[in-house]
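Each protein sequence line maps, in turn, to chains A and B. Per the numbering used here, the first sequence starts with residue 11, numbered consecutively. Per the numbering used here, the second sequence starts with residue 20, numbered consecutively. Idealized CB from N, CA, C, for every residue including glycine.
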Amino acid sequence: MSEFEPKIITILCNWCTYGAADLAGVSRFQYPPNIRVIRVPCSGRVSPKMILSAFHNGADGIWISGCHPGDCHYITGNYYARRKFMLLKNFLEYNGIEQGRIHFSWISSAEGVKFAEVARDVVESVRKLGPAKYFIKKEFIDSNLCNCLNTDNNPDKNILEEQAA
Amino acid sequence: MTTNLNQPDINKKQIDTINQQYTEKIREAAKRILLEKKADVVIGFKNGTEPMTTEPCLINKASDADKLIWNEHCCLNLANYVKGRKDKVAVIAKGCDSRNLVNHIIEHQIKRENLYIIGVPCNGMVDKSVNVKDSKVEAESDTMQENLDVFLTNRDMLQENCKTCIKRNPVIFDEMIAEPVKERVWTKEEKLKERFESVNKIEAMSESDRWSFFNDMLSSCTRCYACRNACPLCYCPTCFVDESRPQWVGKGVDPVDVRTYHFLRAFHLFHL
Numbered sequence: 011m012s013e014f015e016p017k018i019i020t021i022l023c024n025w026c027t028y029g030a031a032d033l034a035g036v037s038r039f040q041y042p043p044n045i046r047v048i049r050v051p052c053s054g055r056v057s058p059k060m061i062l063s064a065f066h067n068g069a070d071g072i073w074i075s076g077c078h079p080g081d082c083h084y085i086t087g088n089y090y091a092r093r094k095f096m097l098l099k100n101f102l103e104y105n106g107i108e109q110g111r112i113h114f115s116w117i118s119s120a121e122g123v124k125f126a127e128v129a130r131d132v133v134e135s136v137r138k139l140g141p142a143k144y145f146i147k148k149e150f151i152d153s154n155l156c157n158c159l160n161t162d163n164n165p166d167k168n169i170l171e172e173q174a175a
Numbered sequence: 020m021t022t023n024l025n026q027p028d029i030n031k032k033q034i035d036t037i038n039q040q041y042t043e044k045i046r047e048a049a050k051r052i053l054l055e056k057k058a059d060v061v062i063g064f065k066n067g068t069e070p071m072t073t074e075p076c077l078i079n080k081a082s083d084a085d086k087l088i089w090n091e092h093c094c095l096n097l098a099n100y101v102k103g104r105k106d107k108v109a110v111i112a113k114g115c116d117s118r119n120l121v122n123h124i125i126e127h128q129i130k131r132e133n134l135y136i137i138g139v140p141c142n143g144m145v146d147k148s149v150n151v152k153d154s155k156v157e158a159e160s161d162t163m164q165e166n167l168d169v170f171l172t173n174r175d176m177l178q179e180n181c182k183t184c185i186k187r188n189p190v191i192f193d194e195m196i197a198e199p200v201k202e203r204v205w206t207k208e209e210k211l212k213e214r215f216e217s218v219n220k221i222e223a224m225s226e227s228d229r230w231s232f233f234n235d236m237l238s239s240c241t242r243c244y245a246c247r248n249a250c251p252l253c254y255c256p257t258c259f260v261d262e263s264r265p266q267w268v269g270k271g272v273d274p275v276d277v278r279t280y281h282f283l284r285a286f287h288l289f290h291l
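If you want it as structure tokens, here you go:
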């Protein structure tokens with residue numbers, strides 16, 4: 011009933027995995043709706059700052075995906091990404107982040123099926139771990155909640171207003 | 020411990036003799052380099068204002084060369100004072116400093132031809148944070164000087180990074196002021212067991228213990244950025260914590276921001 015639904019920040023490279031996501035959608039492959047996609051020109055564009063920032067803002071998991079090594083639109087971007095991420099993943103785990111919160115994959119724009127599969131795997135592994143415990147900034151989460159409460163279409167706000175009146 | 024460290028026994032007298040010899044050689048070299056105009060400035064150490072401290076010292080006149088000294092408190096990394104300089108610089112380098120100089124040359128922070136490296140074989144630097152009063156030394160001696168003597172000859176008092184040092188002699192130099200010292204040879208088992216002892220200790224912890232271990236370690240951090248200033252590898256024109264559009268890391272002492280700062284700085288230093 012009230013099973014935990016993880017929020018997963020997903021950063022996809024414009025040329026490969028974003029295309030795969032598009033293909034998966036057009037082909038009507040089913041995958042869980044827990045991912046929030048951010049499109050970047052290349053997986054090499056992704057900085058560790060962004061990954062930590064996602065955790066600060068309440069993400070339960072991160073998934074970054076780009077072109078297969080050797081197929082980068084910018085020739086070498088994903089080699090940089092691969093190096094960076096291998097170190098980052100190990101270092102985050104050394105710091106105490108659980109294995110399975112951060113995922114990296116290489117999916118070409120022809121692999122819609124693989125995209126849906128990996129999306130399911132990522133969501134499942136983060137769901138198993140439960141809500142994020144580390145690198146969360148309290149003030150961000152609180153202010154986001156306040157923003158939600160202040161929007162006009164927020165049912166809670168209407169209730170609050172009714173109670174106030 | 021002495022035999023463990025693969026180093027010969029050293030007593031205070033020997034240390035004093037070595038320090039004196041090194042100091043004399045350093046002054047001599049500094050004078051010669053400045054007179055022969057091999058460099059515009061010599062970077063070395065002078066005595067600090069408190070006992071057991073030294074300060075980095077830049078001299079540009081041969082007559083000032085007698086300010087320079089050498090002892091077991093010259094722990095600062097002088098490679099930090101070289102980066103970005105446009106003049107010709109002579110710098111005094113221990114093994115660790117020389118490795119940083121190599122890094123700066125590779126990363127184009129300084130030109131090799133503008134650098135004159137005075138190599139100093141290093142016997143290890145003393146860890147000032149080890150409290151003399153806590154050890155049994157105090158009960159046995161009365162005067163400050165005697166305390167220091169015992170303190171200096173105890174190899175356990177070395178800085179952690181000196182205990183696990185792999186390059187005590189400079190890896191790059193234009194002249195050496197003394198014969199190289201014996202390097203410690205690590206077998207593979209020793210390397211894994213002893214050299215990375217502290218790393219292994221953390222690796223053996225559970226995830227949550229690891230998280231709290233680093234949190235405890237960073238709990239006293241006030242974000243003064245002295246670590247960034249002292250770091251010979253930190254030379255970004257704009258540090259990621261100073262970026263404001265977008266601001267990825269908060270500037271206050273929120274524990275998560277502090278943690279993020281140290282995490283990303285460490286990551287940034289070993290990647291790229």
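Nearest neighbour of residue 110 of chain B, chosen from B/147, B/45, B/85 [CA to CA]: Counting from 1 along the second sequence, the entry for residue 110 of chain B is found at position 91. Residue B/45 is the option with its Cα nearest to residue 110 of chain B.
Report the option in A/70, A/34, A/141, A/23 whose CA atom is closest to the CA atom of residue 127 of chain A. Residue numbering aside, residue 127 of chain A sits at position 117 when the first sequence is read from its first letter. Checking every option, the nearest Cα to that of residue 127 of chain A belongs to A/34.
Per DSSP, what kind of secondary structure is residue 190 of chain B in: helix, strand or coil? Indexing the second sequence from 1 puts residue 190 of chain B at position 171. DSSP places residue 190 of chain B in coil when its eight states are reduced to three.
Which of helix, strand or coil does DSSP assign to residue 66 of chain B? The count along the second sequence starts at 1 and reaches residue 66 of chain B at position 47. Here residue 66 of chain B sits in strand by DSSP.
Between residue 47 of chain A and residue 122 of chain B, what straight-line distance do the alpha-carbon atoms span, to the nearest angstrom? Position 37 of the first sequence, counting from 1, holds the residue named residue 47 of chain A. Position 103 of the second sequence, counting from 1, holds the residue named residue 122 of chain B. Between the alpha carbons of residue 47 of chain A and residue 122 of chain B lies a distance of about 39 Å.
In this structure, how does DSSP classify residue 76 of chain B when only helix, strand and coil are distinguished? As a working note, residue 76 of chain B is residue 57 in the second sequence. For residue 76 of chain B, the secondary structure class from DSSP, reduced to helix, strand or coil, is strand.
Measuring straight from C-alpha to C-alpha, what distance separates residue 204 of chain B and residue 219 of chain B? Taking the first residue of the second sequence as 1, we reach residue 204 of chain B at position 185. Taking the first residue of the second sequence as 1, we reach residue 219 of chain B at position 200. Rounded to the nearest whole angstrom, the C-alpha separation of residue 204 of chain B and residue 219 of chain B is 20 Å.
In angstroms, rounded to a whole number, what distance separates the CA positions of residue 131 of chain B and residue 106 of chain B? Here the question's residue 131 of chain B lines up with position 112 in the second sequence. Here the question's residue 106 of chain B lines up with position 87 in the second sequence. The C-alpha of residue 106 of chain B is placed about 12 Å away from the C-alpha of residue 131 of chain B.
According to the neighbour-count rule (16 or more other Cβ atoms, all chains shown, within 10 Å of its Cβ), is residue 176 of chain A buried or exposed? Residue coverage of chain A in this structure runs from 11 to 175, which leaves residue 176 of chain A outside it and unanswerable.
On the three-pair Cβ rule with 8 Å, is the region 64 to 76 of chain A touching the region 105 to 114 of chain A? Counting Cβ pairs under 8 Å, three or more are found: they touch.
For chain A, find out if any of its Cβ atoms is closer than 8 Å to the Cβ of residue 226 of chain B; answer yes or no. For the purposes of this step, residue 226 of chain B is taken as residue 207 along the second sequence, with counting starting at 1. It does: the Cβ of residue 226 of chain B has a partner Cβ on chain A nearer than 8 Å.
Chain-ordered residues of the region 49 to 78 of chain A with a beta carbon less than 9 Å from chain B: Closer than 9 Å at the C-beta level to chain B, one finds these residues of the region 49 to 78 of chain A: 57, 58, 59, 60, 62, 63, 65, 66.
Using a Cβ-Cβ cutoff of less than 6 Å, which residues in the same chain neighbour residue 124 of chain A once the five nearest sequence positions on both sides are dropped? The residue you call residue 124 of chain A lines up with position 114 of the first sequence. Only 117 meet the Cβ criterion.
State yes or no: is the C-beta of residue 67 of chain A nearer than 7 Å to some heavy atom of the ligand GTP? Only the bare structure without any ligand can be found here, which leaves the ligand GTP out of the picture.
Using a Cβ-Cβ cut-off of 8 Å, state whether residue 215 of chain B counts as contacting chain A. The residue labelled residue 215 of chain B in the question sits at position 196 within the second sequence. No, because no Cβ of chain A sits closer than 8 Å to the Cβ of residue 215 of chain B.
Listed by chain order, chain A residues near residue 283 of chain B by CB distance under 8 Å: Here residue 283 of chain B is taken as the residue at index 264 of the second sequence, counted from 1. Taking the beta carbon of residue 283 of chain B as reference, the chain A residues within 8 Å of it are 58, 59, 62, listed in sequence order.
When burial is assigned at 16 or more other CB atoms within 10 Å of the CB, is residue 23 of chain A buried or exposed? The residue you call residue 23 of chain A lines up with position 13 of the first sequence. Classification of residue 23 of chain A: buried, given that the 10 Å Cβ count is 16 or more.
For residue 241 of chain B versus residue 145 of chain A, is the C-beta spacing smaller than 8 Å? Start at 1 with the first residue of the second sequence, and residue 241 of chain B comes out as number 222. Start at 1 with the first residue of the first sequence, and residue 145 of chain A comes out as number 135. Their beta carbons are not under 8 Å apart, which means residue 241 of chain B does not touch residue 145 of chain A by this criterion.
May I have the straight-line CA-CA distance separating residue 13 of chain A from residue 140 of chain A, to the nearest angstrom? One-based indexing of the first sequence puts residue 13 of chain A at position 3. One-based indexing of the first sequence puts residue 140 of chain A at position 130. Cα-Cα distance, rounded: 10 Å.
Counting only beta-carbon atoms, is residue 101 of chain A nearer than 8 Å to chain B? Residue mapping note: residue 101 of chain A aligns to position 91 of the first sequence, counting from 1. Nearest CB-CB separation between residue 101 of chain A and chain B: below the 8 Å threshold.
DSSP state of residue 166 of chain B, grouped into three classes? Numbered from its first residue, the second sequence carries residue 166 of chain B at position 147. With a pLDDT of only 48 at residue 166 of chain B, under the threshold of 50, the placement of this residue in the model should not be trusted, and no figure is reported.
Near residue 94 of chain B, what residues of its chain come up, given a Cβ to Cβ distance below 7 Å and the 5 sequence neighbours on each side ignored? Here the question's residue 94 of chain B lines up with position 75 in the second sequence. These residues qualify, in order along the chain: 144, 178.
How about residue 120 of chain B and residue 136 of chain B: are their beta carbons less than 8 Å apart? Position 101 of the second sequence, counted from the first residue, corresponds to residue 120 of chain B. Position 117 of the second sequence, counted from the first residue, corresponds to residue 136 of chain B. Yes, these two residues count as a Cβ contact at 8 Å.
Who are the near neighbours of residue 163 of chain B in its chain, counting only those whose CB is closer than 8 Å to its CB and skipping five residues on each side? Looking up residue 163 of chain B in the second sequence gives position 144. Summary for residue 163 of chain B: the model assigns pLDDT 47, below 50, so the residue's position carries little reliability; its value from the coordinates is reported in the next sentence. Cβ-Cβ distances below 8 Å link residue 163 of chain B to 70 in the same chain, with the five nearest sequence neighbours on each side left out; the list follows chain order.
Quick one: which chain B residues come within Cβ less than 8 Å of residue 145 of chain A? For the purposes of this step, residue 145 of chain A is taken as residue 135 along the first sequence, with counting starting at 1. The contacting residues are 275, 278, 279.
Return the first residue and the last residue of the beta strand (DSSP E) that residue 104 of chain A is part of. For the purposes of this step, residue 104 of chain A is taken as residue 94 along the first sequence, with counting starting at 1. Counting along the chain, residue 104 of chain A falls outside any beta strand (DSSP E), though it belongs to the alpha helix (DSSP H) covering 87 to 104.
Using the Cα positions of residue 17 of chain A and residue 142 of chain A, report the straight-line distance between them to the nearest angstrom. Here residue 17 of chain A corresponds to residue number 7 of the first sequence, with the count starting at 1. Here residue 142 of chain A corresponds to residue number 132 of the first sequence, with the count starting at 1. Those two C-alpha atoms are separated by around 10 Å.
Beta-carbon gap between residue 88 of chain A and residue 63 of chain A smaller than 8 Å: Walking along the first sequence from the start, residue 88 of chain A turns up at place 78. Walking along the first sequence from the start, residue 63 of chain A turns up at place 53. For residue 88 of chain A and residue 63 of chain A, no; Cβs fall outside 8 Å.
Report back the beta-carbon spacing between residue 19 of chain A and residue 129 of chain A to the nearest angstrom; my notes put them in contact at under 8 Å. The sequence position of residue 19 of chain A within the first sequence is 9, counting from 1. The sequence position of residue 129 of chain A within the first sequence is 119, counting from 1. The Cβ separation is near 13 Å, so there is no contact.
Rounded straight-line distance, which links the Cα of residue 256 of chain B to that of residue 126 of chain B: Residue mapping note: residue 126 of chain B aligns to position 107 of the second sequence, counting from 1. Residue mapping note: residue 256 of chain B aligns to position 237 of the second sequence, counting from 1. Distance between the alpha carbons of residue 126 of chain B and residue 256 of chain B is about 14 Å.
Is the beta carbon of residue 133 of chain A sitting closer than 8 Å to the one on residue 58 of chain A? Taking the first residue of the first sequence as position 1, residue 133 of chain A is located at position 123. Taking the first residue of the first sequence as position 1, residue 58 of chain A is located at position 48. The answer is no: Cβ separation not under 8 Å.
Residue 62 of chain A lies in the alpha helix (DSSP H); which residues open and close that run? Position 52 of the first sequence holds residue 62 of chain A. Going by DSSP, residue 62 of chain A is part of the alpha helix (DSSP H) stretching over 58 to 66.
First and last residue of the uninterrupted alpha helix (DSSP H) at residue 221 of chain B: Start at 1 with the first residue of the second sequence, and residue 221 of chain B comes out as number 202. For residue 221 of chain B, the uninterrupted alpha helix (DSSP H) run begins and ends at 216 to 222, by DSSP.
Reduced DSSP secondary structure (H/G/I, E/B, other) of residue 49 of chain A: On the first sequence, residue 49 of chain A is found 39 positions in, with the first residue counted as 1. Here DSSP, grouped into helix, strand and coil, assigns residue 49 of chain A to strand.
When B/239, B/251, B/286, B/259 are compared against residue 272 of chain B, the one with the closest alpha-carbon: Taking the first residue of the second sequence as 1, we reach residue 272 of chain B at position 253. When only C-alpha atoms are compared, the closest one is B/239.
Using 10 angstroms around the beta-carbon of residue 142 of chain B, count the other beta-carbons present and answer buried if the total reaches 16, otherwise exposed. Taking the first residue of the second sequence as position 1, residue 142 of chain B is located at position 123. Burial call: buried.
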